[in-house]
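Here the structure comes first, spelled out in structure tokens, and everything after it is commentary.
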Amino acid sequence: MFNFYENIKQPKVLNPNFKKHKIEIPFRSLICCSSGGGKSNLCLNLLYLMNKTFHKIIICTKAEEPLYSYLQDKLKKGVEIYYGGKIPEFEKMDSGQNGLVIFDDLVLDKNKAIGEMFIRGRKLGYSMIYISQSFYQTDKLIRQNVNYIWLGRGMQKRDLNMILSEFALGMNKNELEQIYNELTKKPMNFMMIDFNNKNIRHNITDIVKQF
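Residue numbers (the working numbering): 165 to 375.
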């Protein structure tokens with residue numbers, strides 16, 4: 165049987181620093197970390213590595229965050245910030261280029277449009293980052309549709325157990341907990357799970373285990 169999908173011309177994806185970070189775009193990702201654990205700082209480090217990748221960065225957050233204001237000051241019109249839980253209208257978002265949307269600690273139950281944008285945004289060329297304080301409490305729609313997960317300090321055993329129940333990582337609870345504790349023992353450090361390339365990394369670039 166012929167695969168006609170192979171005959172469809174795919175839009176060109178600009179990912180100039182892929183060799184550095186090995187993150188494919190457009191992506192869906194989840195960052196989980198306790199308050200003050202460095203979630204926003206991780207986002208800025210990711211954007212630093214992905215310099216000249218996104219034509220627009222949209223940040224949806226509850227309140228003002230100094231690092232986001234710093235980012236907007238540096239990139240000017242390349243950054244849009246929505247406060248108070250507001251998000252842009254999906255139908256009015258431009259398409260055809262690489263964009264990024266960051267949902268910072270917004271509750272999906274209170275705004276179903278967040279879930280819709282998180283899932284459908286890739287069709288417009290937008291990558292998605294959803295930030296939460298707990299994997300366990302993150303909506304299932306987000307949890308089970310991600311390419312990358314970052315776990316910072318503050319995760320409980322129930323968070324790690326749920327990850328093992330939803331994803332095949334080729335390890336048991338003790339192994340995952342040991343790796344997580346080792347990679348996050350220093351403040352503002354993260355364990356990254358890359359489901360595309362089947363590996364676990366320290367922060368963004370350092371691969372520590374294949375699965």
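Yeah, the Cβ is synthetic: ideal placement off N, Cα and C, and Gly gets one too. Predicted model only: the values in this text are computed from it and were never measured.
Item                                                                                                                                                                                 : Value
What are the residues that DSSP puts in a beta bridge with PHE267?                                                                                                                   : CYS224, TYR294
Can you list the alpha helix (DSSP H) stretches of 4 or more residues lying completely in the region 185-225, in chain order?                                                        : 203-213
When the distance is taken between beta carbons, is TYR290 closer than 8 Å to GLY263?                                                                                                : yes
In angstroms with no decimal places, state the Cα-to-Cα distance between PHE182 and SER296.                                                                                          : 26 Å
Within the chosen definition, does the region 197-215 reach the region 227-241 through at least 3 CB pairs nearer than 8 Å?                                                          : yes
Sort out for me which residues DSSP pairs TYR246 with in a bridge.                                                                                                                   : CYS224
Could you name the residues of the same chain whose beta carbon sits closer than 7 Å to that of GLU330, not counting the 5 residues immediately before and after it, in chain order? : ARG307, GLN308
Measure the CB-CB distance between LYS350 and ILE364 and report whether it falls below 8 Å.                                                                                          : no
Taking the alpha-carbon positions, what's the ASP268 to MET165 distance?                                                                                                             : 45 Å
Taking a contact to mean a Cβ-Cβ separation below 8 Å, would you say LEU347 touches LYS337 in this structure?                                                                        : no
Pick helix, strand or coil for ASN363, following the three-state DSSP scheme.                                                                                                        : strand
Pull up the distance between the alpha-carbon of GLN320 and that of GLU341, whole angstroms please.                                                                                  : 10 Å
Ignoring anything shorter than 3 residues or poking outside the region 297-327, list the beta strand (DSSP E) runs there in chain order.                                             : 312-315
Please name the residue in ASN167, GLU188, LYS184, PRO180 whose C-alpha comes closest to that of ARG286.                                                                             : GLU188
Determine which residues share a DSSP beta bridge with LYS373 and list them.                                                                                                         : ILE364
Quick check on DSSP: helix, strand or coil for ASP358?                                                                                                                               : strand
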